[in-house]
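Residue numbers (UniProt numbering): 1 to 448.
A virtual CB, placed ideally from N, CA and C, is assigned to each residue, including glycine.
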Ligand SMILES: [Zn+2]
């Protein structure tokens, strides 16, 4: 009910146009004060059913946001090598020598059962590496509170010199002690911050689609990726060839040829979907540069969950197509309106197994961005809460019709495009120069 429009209310507005970054806590102070009052004292409220007043108490259960906002709310920076807020400093990420970005390739095998054959494959993942470590155990509230209590107080504000807590980016990624820890019950919450499934889905879709379609400037399979590949993986057939002083990139099994791309785009252009199910995807097709432009998050949602297996059906190698289809089915199951506990268990077991062969096929370290890593954890969270159902409600296509909704979608997707997970080059430069303030800010980031 709290997500129905008549019952939603605006708690606070953060002035723009620039995101406040870690100084978000300054704006959150009035909200936290009210939440403390609601917890300790409560407010007198009228009960319509009983026709009498009562003292209503309330607690904040969690926040829902996109990935950059997650960093601002939780205090754990979502940039750099330690970006994963679940694995924290246990993550086995590294920085790509040529690509320059943090890479989360081969971080999944740790989540497989100890006797799983993938763990012992020396050639199909990082060359020569066997995974013997056990799954990362997520820190509980008490442990985190203890860790956070040791952090020095950070002075907020844009004009303040950007100080970093010692060991930042090496042993931890803490930017600040988040103001939410002022809430007396915060450490007992099993889940404190959630990621919005739509953002993850769009990011995964963009990466998969642009790589398969080999979209110039957007594919993860670029020259730098192939150079990094030589250092990390054992994939001779994908390594760059030097012919007459020029580097030639051999065609990968997971990309389509020009004719095949034309077939896919032509199919999308002529595709007719039931009214209200999705917008006209044909308008996004650009046959000049073989790409798709201006896809809204709901378009990506439909494409990821329904069209990927159909679009690439006869064109990709079976092994590649199987991996993509499983990923598509995973999202479909995750976003279904009914999700039983046993479904959750199966999904949780399967996602790591789905992601592993994908890494094997797309042996491209640069394509292993954090969105894919976060998928591993997503199910952990949903075990405890049902946020995904809410997301599903939010994007119900029927909802797109009422006036105003279309606009909201548009705004959201603009922010999505610049927004999510993988820091772009600009962000990386900033990160190194110590500026955290220009993270994309999501306006759905405040708690509800
Ligand atoms: Zn992780």
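Closest residue to residue i among the options (Cα-Cα distance)
i: residue 219; options: 94, 127, 255; result: 255
i: residue 229; options: 210, 250, 243, 244; result: 250
i: residue 40; options: 59, 188, 49; result: 59
i: residue 277; options: 271, 253, 302, 285; result: 302
i: residue 171; options: 118, 76, 208; result: 76
i: residue 150; options: 223, 266, 175, 110; result: 175
i: residue 198; options: 305, 297, 217; result: 297
i: residue 210; options: 308, 247, 126, 152; result: 308
i: residue 207; options: 345, 4, 327; result: 327
i: residue 269; options: 258, 292, 116; result: 292
i: residue 324; options: 337, 267, 87, 305; result: 305
i: residue 78; options: 358, 173, 215, 257; result: 173
i: residue 358; options: 12, 125, 282; result: 125
i: residue 36; options: 259, 183, 224; result: 183
i: residue 260; options: 316, 108, 310, 4; result: 316
i: residue 201; options: 43, 214, 299, 156; result: 299
i: residue 169; options: 38, 340, 95; result: 95
i: residue 257; options: 215, 113, 321, 44; result: 215
i: residue 350; options: 113, 205, 49, 4; result: 113
Neighbourhood of residue i by C-beta, 8 Å cutoff - its chain only, sequence neighbours within 5 removed
i: residue 262; result: 287, 290
i: residue 384; result: Any reading at residue 384 is ruled out, since the residue's pLDDT is 46, under 50, leaving its predicted position unreliable.
i: residue 179; result: 25, 28, 29, 32
i: residue 110; result: 92, 131, 133, 134, 135, 136
i: residue 154; result: 22, 163, 165, 175, 176, 177
i: residue 239; result: 226, 229, 230, 250
i: residue 144; result: 187
i: residue 12; result: 27, 28, 30, 31, 446
i: residue 354; result: 323, 326, 327, 330
i: residue 279; result: 296, 298, 299, 400
i: residue 6; result: none
Exposure label - residue i; buried when at least 16 CB within 10 Å
i: residue 2; result: exposed
i: residue 47; result: exposed
i: residue 313; result: exposed
i: residue 343; result: exposed
i: residue 253; result: exposed
i: residue 73; result: buried
i: residue 19; result: buried
i: residue 237; result: exposed
i: residue 352; result: buried
i: residue 275; result: exposed
i: residue 196; result: buried
i: residue 204; result: buried
i: residue 222; result: buried
i: residue 43; result: exposed
i: residue 320; result: buried
Cβ-based neighbour list, residue i, same chain, cut-off 7 Å, excluding 5 preceding and 5 following
i: residue 347; result: 330, 333, 334, 379
i: residue 120; result: 130
i: residue 231; result: 97
i: residue 241; result: 248, 250
i: residue 87; result: 136
i: residue 285; result: 265, 268, 269, 292
i: residue 181; result: 145, 148
i: residue 17; result: none
i: residue 294; result: 284
i: residue 234; result: 123, 127
i: residue 116; result: none
i: residue 107; result: 91, 92, 93, 373
Own chain partners of residue i with C-beta closer than 6 Å, once the 5 adjacent residues on each side are dropped
i: residue 128; result: 122
i: residue 8; result: none
i: residue 90; result: 136
i: residue 213; result: 261
i: residue 404; result: In this prediction, residue 404 has a pLDDT of 32, which is less than 50 and means its spatial position is unreliable; what the coordinates show is noted afterwards. The answer is none, since no qualifying residue turns up.
i: residue 450; result: Only positions 1 to 448 of the chain appear in the structure, and residue 450 is not among them; the question remains open.
Residue i at chain B interface by Cβ criterion, 8 Å
i: residue 23; result: Here there is only one protein chain, and chain B is not present.
Taking one C-beta from the stretch 65-77 and one from the stretch 43-57 each time, how about it: are there three or more such pairs within less than 8 Å? Contact between the stretch 65-77 and the stretch 43-57 is absent, because fewer than three Cβ pairs lie under 8 Å.
Does the structure place the stretch 75-90 close enough to the stretch 99-111 that three or more beta carbon pairs sit under 8 Å? They touch, by the three-pair rule.
Does the contact criterion of 3 or more C-beta pairs under 8 Å hold for the stretch 182-189 versus the stretch 133-146? Proximity of the stretch 182-189 to the stretch 133-146 meets the contact definition, three or more beta-carbon pairs being nearer than 8 Å.
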